[in-house]
Amino acid sequence: MDDNTVIMTVINEAWSAPGSLLDAFLESFRIGEHIEHLLKHLIFVAMDRKAYDRCRSFHNLCFFLKVEGVNFTSDKVYKSKDYLKMMWSRNKLLGRILEMGYNFLLTDVDIAWFRNPLRHISVAAHITVASDDFYGNPDDLTNNANSGFLYAKSTKNTIEFFKNWYSARERYPGEQDQYVFNKIKYEFSSRFRVTIRFLDAVYCDGLCHPRKHFDKICTFHVTCRAGLASKLYELRNVIEEWKRYKGDQRHETPNNIGHKA
């Protein structure tokens, strides 16, 4: 993009297999409102060779993140050793992206996109993140961050924040990056003078506390579900709900729309 922003998502063989999460993720861009063009800015970070090959079959921006001694091909159980290794490998890569001078918007592949969420990201904040528990104030650090949908601006302060976030994993052994973020956000935002803002859940919704305001929604994250089959089922469901919503809109006559206004 013109402002050096890239969109990134992480895939493995299980998530990128035909008919799996990746196909539903891509479909949401095609049926969303004026967002299909964003795909040309999307970088797929493949955690294994088959995911990389699948990406290369339809896309140019594919990066193979090879981590020695770990097999990332299958669906990983939440908080298992391989799952944690995958999440922290991703976290380390994000820090490198910032060091290269790029801003990024990270999106998990179990997120449906319906409108452009970048419209709701403040240029004043260093980090903007989705929230599983949003309490109404985007500047309130007690909001529970979900690092699966995260924007970061490449600045010296943000780079230091990410370096120390990665190092903080040693304080909390056996925990993923999101858990650690919610523990260190108070200390590190103050120490490194990093402004953190939380996205309103009306725009960046999730399954933990679904609102489904389809007239406003930008993204929907299949949170609070474990396992590939469960996530895929819910992701397809919300995509079908969006299609029905858009179909209902098309069937409204100008007179009906006028009366509703």
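The sequence shown begins at 1 in full-length UniProt numbering and counts up by one.
Cβ coordinates follow ideal geometry from the N, Cα and C atoms, glycine included.
Task: Other residues of its chain near T253: CB distance less than 6 Å, five sequence neighbours each side excluded - done: At T253 the pLDDT is 43, less than 50, meaning the model places this residue with poor confidence; the figure from the coordinates comes in the next sentence. Within the same chain, T253 has no close Cβ partners at all.
Open item on the list: For the alpha helix (DSSP H) containing S147, name the first residue and the last one.
Closed with: No alpha helix (DSSP H) holds S147; the beta strand (DSSP E) holding it covers 144-152.
- [ ] Classify C218 as helix, strand or coil using the three-state DSSP reduction.
- [x] coil
Open item on the list: Taking its Cβ as the centre, do 16 or more other Cβ atoms sit within 10 Å of F161, making it buried, or is it exposed?
Closed with: buried
- [ ] May I have the straight-line CA-CA distance separating N157 from D248, to the nearest angstrom?
- [x] 46 Å
Task: Unbroken beta strand (DSSP E) run spanning T5, endpoints - done: 5-11
Open item on the list: When you compare the CB of L228 with every CB in chain B, is at least one pair closer than 8 Å?
Closed with: Of the protein chains in this structure there is only one, and it is not chain B.
TODO: Compare the beta carbon distance of F149 and V6 with 8 Å and say whether it is the shorter of the two.
DONE: no
TODO: Determine contact between the region 215-231 and the region 104-118, defined as no fewer than three beta-carbon pairs at a distance below 8 Å.
DONE: yes
Open item on the list: Using the three-state DSSP reduction, which class does R197 fall into: helix, strand or coil?
Closed with: strand
TODO: Would you give the residue range spanned by the alpha helix (DSSP H) that F29 belongs to?
DONE: 21-31
Task: Helix, strand or coil at D177 [DSSP, three-state] - done: helix
Open item on the list: Just to check my reading of the structure: L61 and I35 have Cβ atoms closer than 8 Å, yes? What is that Cβ distance to the nearest angstrom?
Closed with: Actually they are not in contact, since the Cβ atoms of L61 and I35 sit about 16 Å apart, beyond 8 Å.
Task: For L84, the three-state DSSP class (helix, strand or coil) - done: helix
Open item on the list: Just to check my reading of the structure: T189 and L228 have Cβ atoms closer than 8 Å, yes? What is that Cβ distance to the nearest angstrom?
Closed with: At residue 189 the sequence reads Ser, which differs from the Thr that was named. Contact flag wrong, Cβ pair sits at about 34 Å.
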